[in-house]
Every structure is written in C-alpha cells, then in structure tokens.
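Participant: According to the numbering used here, the sequence shown is numbered sequentially starting from 216.
In this text, a Cβ means the ideal position worked out from N, Cα and C, and glycines have one as well.
The structure displayed is predicted, hence computed values, not measured ones.
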Amino acid sequence: MTSLRRGTRPRAKAGPAVLRRLARRLGTPLLVVDCGTIREQYRALSAALPGVELYYALKPLPSAPVVATLRDLGAGFDVATTGEIDLVRSQGVAPTRCIHTHPIKRNADIAAALRFGIRCFVADNPDELRKFEAHRRRAQLLLRVSFRNPAAVVDLSRKFGCEPAAVRPMLEIARSLGIRVRGLSFHVGSQVADPTRYVEAIDACRELILQARADGHDLDTLDIGGGFPIPYGGKLQPIRQFCAPIRRELRGLPAGVRVIAEPGRFIAGPAGTCVAAVTGRAQREGRWWYYLDDGLYGSFGGQLFDHALYPVDALDRTGARHPCVLAGPTCDSIDVIREDIPLPELQIGDLVVGRMMGAYTAASATDFNFIPRARIVAVNQRARRRHAD
Ligand SMILES: Cc1ncc(COP(=O)(O)O)c(C=O)c1O
Numbered sequence: 216m217t218s219l220r221r222g223t224r225p226r227a228k229a230g231p232a233v234l235r236r237l238a239r240r241l242g243t244p245l246l247v248v249d250c251g252t253i254r255e256q257y258r259a260l261s262a263a264l265p266g267v268e269l270y271y272a273l274k275p276l277p278s279a280p281v282v283a284t285l286r287d288l289g290a291g292f293d294v295a296t297t298g299e300i301d302l303v304r305s306q307g308v309a310p311t312r313c314i315h316t317h318p319i320k321r322n323a324d325i326a327a328a329l330r331f332g333i334r335c336f337v338a339d340n341p342d343e344l345r346k347f348e349a350h351r352r353r354a355q356l357l358l359r360v361s362f363r364n365p366a367a368v369v370d371l372s373r374k375f376g377c378e379p380a381a382v383r384p385m386l387e388i389a390r391s392l393g394i395r396v397r398g399l400s401f402h403v404g405s406q407v408a409d410p411t412r413y414v415e416a417i418d419a420c421r422e423l424i425l426q427a428r429a430d431g432h433d434l435d436t437l438d439i440g441g442g443f444p445i446p447y448g449g450k451l452q453p454i455r456q457f458c459a460p461i462r463r464e465l466r467g468l469p470a471g472v473r474v475i476a477e478p479g480r481f482i483a484g485p486a487g488t489c490v491a492a493v494t495g496r497a498q499r500e501g502r503w504w505y506y507l508d509d510g511l512y513g514s515f516g517g518q519l520f521d522h523a524l525y526p527v528d529a530l531d532r533t534g535a536r537h538p539c540v541l542a543g544p545t546c547d548s549i550d551v552i553r554e555d556i557p558l559p560e561l562q563i564g565d566l567v568v569g570r571m572m573g574a575y576t577a578a579s580a581t582d583f584n585f586i587p588r589a590r591i592v593a594v595n596q597r598a599r600r601r602h603a604d
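Right, here's the structure in full:
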C-alpha cells in the first residue's frame with residue numbers, strides 16, 4: 216500500500232449552502248457524501264492505530280467516489296461479495312490491496328474473488344475450510360473467532376465466528392488439507408462504545424497465536440475487524456482516546472504479527488448527509504405531520520436495520536419548535552422517521568437534513584412503492600494541494 220499523500224488539506228465541508236445548492240440543482244432526496252470527511256476519518260483512525268493496516272469495509276457505503284478517495288490514500292479494501300469486488304475493480308484497486316471477509320461464501324464467489332486476484336479469505340467452520348481445498352495453492356485464510364458482545368449496538372459475533380476452543384482443531388483440519396492459515400480475525404460488533412471487548416479479544420488471540428505457533432502453525436496476521444464508533448447524538452470519546460487501550464494491548468502481540476482492521480462505519484458514517492424535502496403536511500391529533508421524500512424504506516432504513524438514530528433538523532427554518540412527526544413517502548404506516556421531534560413549523564418544499572448518515576443508510580435503501588431512493592452525490596472528491604508544497 217502507498218503511504219498517505221502529504222501536502223493536502225480538506226476543502227470546506229458540505230455545509231448548508233452546498234446542500235441547498237445541490238438540492239436546487241439535482242432535486243431530492245440526496246445523500247451528499249463529503250470525500251473530505253472520508254479522508255479525515257481515515258487519517259484519524261490511522262493515527263489512532265499506528266502500524267495497523269486499514270481495509271475499508273465496503274458494506275456501509277459501497278460507493279465509487281469513496282473507494283477512489285481511499286484508494287488514493289493507500290487504503291486496503293475489505294470486500295464480502297462479488298458486487299463489491301466489481302466496484303473496487305472498476306476503481307482500479309489492485310487485488311493485492313483487498314481481503315475477502317465473508318465467512319460463508321458460495322463457490323462461485325470464491326472463484327470470482329480468485330479470478331480478480333484476491334488471495335486472503337476468511338473461514339469460521341470446517342465446511343468452509345474444505346471449500347478451499349481445491350484452491351490451496353492460491354488462497355490463504357484467516358480463521359474468524361467469535362467474541363460475543365451484547366454491549367455493541369450490532370453484535371456481529373452471533374452469526375459468525377467459531378469458539379476460541381475450535382481454532383486448534385480447525386488449524387489441524389487446514390493442515391491436513393494443505394491449506395495455509397495466515398492468522399485470526401474477529402469483529403467485536405458494530406458501533407462499540409467501549410474498547411474493552413477489543414482488548415479481551417486481542418488478549419485471547421495472542422494466546423491462540425502462541426498456542427498455534429507451538430503446534431507448528433506459522434500464524435502471522437491478526438485482523439481486529441471494524442466496529443469503531445461515531446457520535447450519532449450522545450458524547451463519545453475521541454477515537455485516539457478510544458483506541459488507547461487497543462494500542463497498548465497490540466504491543467503485547469508476539470513478534471512478527473501483522474495487524475489489520477476493517478473499519479466501515481467510522482470512515483463512512485460522518486461523511487454522509489441526507490437531504491430530503493417536505494412533500495406534504497397535515498395536522499393530526501394536534502401535531503404537524505411532515506411527509507418527506509425519503510424515509511424508512513430509503514436512507515432512514517438504518518434506523519431499523521442498524522438501530523441508529525440520526526441527528527435530523529430543518530435546514531433553513533428557525534423559530535419556535537414544537538413536537539411534530541416526520542414521515543417517509545411510502546403508503547406504509549411503519550414508514551415514520553421520528554415521532555415528537557421538536558422542529559420549527561415547516562412548509563412544503565422545505566429541506567430537512569439528516570447528519571451522520573453515510574453508513575448503512577443508502578446501502579440498504581429500497582425502491583419500495585416505486586419511490587426512488589436517494590441519489591448519492593459526492594463532493595470534495597479531490598484533495599486540494601497546498602500551494603507551497
Ligand atoms: C466482516 C466485517 N468487517 C467489517 C465490518 C464493518 O464494521 P463497522 O462498520 O462496524 O466498522 C463489518 C460489518 O458488518 C463486517 O461484517
């Protein structure tokens with residue numbers, strides 16, 4: 216991977232004037248992605264985890280300008296599907312900068328990834344290991360270990376990952392099949408508020424790696440997953456502080472272990488702003504209901520799938536605020552974005568913005584009711600160079 220590009224500074228953020236202008240020019244709904252923020256988030260996490268190679272997980276925001284921005288910063292990419300491979304390929308990303316981390320893959324997906332040139336895959340059970348027997352000369356594996364984390368907003372160790380005690384037998388199966396296992400991976404959950412679970416998982420993996428080495432397996436990689444949190448509303452410690460115990464724990468890993476991570480939300484979330492328009496309004500039971508052209512079946516679906524609650528506000532109106540209801544555009548009654556949100560009185564055509572909406576929003580939006588999903592618009596795609604450099 217190339218090093219961070221020096222001598223660049225971010226352009227102005229996608230502020231209200233930019234959002235207004237884009238909505239006027241392109242219509243709504245929009246998801247405005249600020250590539251300057253993508254760069255800032257990537258750099259902040261790189262600085263908080265020195266020596267850890269970052270592979271952007273495409274799931275939360277599989278968008279070409281985001282991939283191009285991170286490609287230019289020297290990032291790696293964590294892909295989980297053939298569609299994601301097609302996206303990174305379209306942006307000229309070398310396969311050597313990609314890892315495939317879906318623990319359960321169809322043979323066709325493995326073949327497509329190998330054809331592209333990806334060599335590093337994840338498995339978490341003996342049947343998945345066996346899928347690689349035919350590819351043992353080209354593919355290398357990370358074994359995904361489960362560390363349950365009920366405290367995470369999304370516990371990603373329920374559906375995937377083997378028990379730590381299953382690592383040793385799986386390494387033996389891999390050896391008997393002639394498959395090279397490079398190391399271990401885990402994902403302690405998404406939007407993790409407390410770094411303790413990372414520390415515990417790293418500690419457990421250290422023991423597993425030592426044991427494996429003693430058994431003659433040359434493990435040299437630890438993948439600490441994603442999960443790094445962003446502030447949707449409440450206060451969060453800065454990422455450098457959040458990562459301090461993780462940095463400390465990583466120092467205790469055996470020599471020769473390369474550490475990688477797969478951040479998604481931390482990089483994409485703060486970069487995305489949803490811009491929707493009020494298409495109608497009605498007084499019901501003493502409150503204003505405002506109907507927007509984006510909703511739960513669109514960008515706000517993350518409120519259901521991802522349990523996120525985005526900071527939402529009127530873009531332009533000021534004045535006294537009263538509790539009102541923000542509803543989405545479909546005919547479905549579940550399509551309500553927020554009950555009792557205090558907003559100034561809105562008019563038809565007013566713009567409403569949702570902040571911190573880059574991750575797990577547009578990525579899972581639908582066209583239910585034939586209502587088009589938000590158009591993704593990237594701004595600040597090019598980092599401005601300092602004149603003096
Ligand atoms: C394997 C894997 N890696 C990385 C991520 C990204 O996680 P996050 O967005 O919490 O950083 C996910 C999210 O589902 C995942 O499943």
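What are the partner residues of A427, as DSSP defines its beta bridges?
Facilitator: None, per the DSSP bridge assignment.
Participant: Which residue marks the beginning of the alpha helix (DSSP H) containing Y257, and which one marks its end?
Facilitator: 250-263
Participant: Which same chain residues end up closer than 6 Å to F585 when comparing Cβ atoms and leaving out the 5 residues on each side of it in sequence?
Facilitator: none
Participant: Please specify which runs of the alpha helix (DSSP H), each continuous and at least 4 residues long, are wholly inside the segment 265-319, giving them in chain order.
Facilitator: 279-288, 297-305
Participant: Could you check if P341 belongs to the surroundings of ligand 1, using beta carbon to heavy atom distance under 7 Å?
Facilitator: Proximity of the beta carbon of P341 to ligand 1 is not indicated: no heavy atom of the ligand is located closer than 7 Å.
Participant: Would you list the one or two residues that DSSP bridges to G398?
Facilitator: L357, T436
Participant: Exposed or buried, A290, counting other C-beta atoms within 10 Å across all chains shown (16 or more means buried)?
Facilitator: buried
Participant: Are the Cβ atoms of V369 and D521 separated by less than 8 Å?
Facilitator: yes
Participant: If I'm right that L344 touches I388 with Cβ under 8 Å, what's the distance once you round it to whole angstroms?
Facilitator: 6 Å
Participant: I'd like the list of long-range same chain contacts for A459, defined as Cβ closer than 7 Å, with 5 residues on each side in sequence excluded.
Facilitator: none
Participant: For the beta strand (DSSP E) that I556 lies in, which residues bound it at each end?
Facilitator: 551-558
Participant: How would you call G251, buried or exposed, if buried means at least 16 neighbouring beta carbons within 10 angstroms?
Facilitator: buried
Participant: Does E299 pass the burial test, meaning 16 or more other C-beta atoms within 10 Å, or should it be called exposed?
Facilitator: With 16 or more Cβ atoms within 10 Å of its Cβ, E299 is classed as buried.
Participant: Looking only at its own chain, which residues have a Cβ that is under 7 Å from the Cβ of V294, when we skip the five neighbours before and after it?
Facilitator: L273, I300, V303, C313, H315
Participant: Out of D287, Q562, G516, state which residue places its alpha-carbon closest to the alpha-carbon of D534.
Facilitator: Correcting the residue type first, residue 534 is Gly in the shown sequence and not Asp. Here the closest residue by C-alpha is Q562.
Participant: Which runs of the alpha helix (DSSP H) spanning at least 4 residues fall entirely within the segment 333-379, listed in chain order?
Facilitator: 341-345
Participant: Using the Cα positions of I333 and P310, report the straight-line distance between them to the nearest angstrom.
Facilitator: 5 Å
Participant: Rounding to the nearest angstrom, what Cα-Cα distance links G230 and R590 in this structure?
Facilitator: 18 Å
Participant: Can you tell me whether D418 is buried or exposed? The criterion is at least 16 other CB atoms within 10 Å of its CB, across all chains shown.
Facilitator: exposed
Participant: Could you check whether V233 and A593 sit closer than 8 Å to each other, using their CB atoms as the reference points?
Facilitator: Taking 8 Å as the cut-off, the Cβ atoms of A593 and V233 do not count as close.
Participant: Using only CA atoms, which one of R397, H402, R359, P485 lies nearest to H432?
Facilitator: R397
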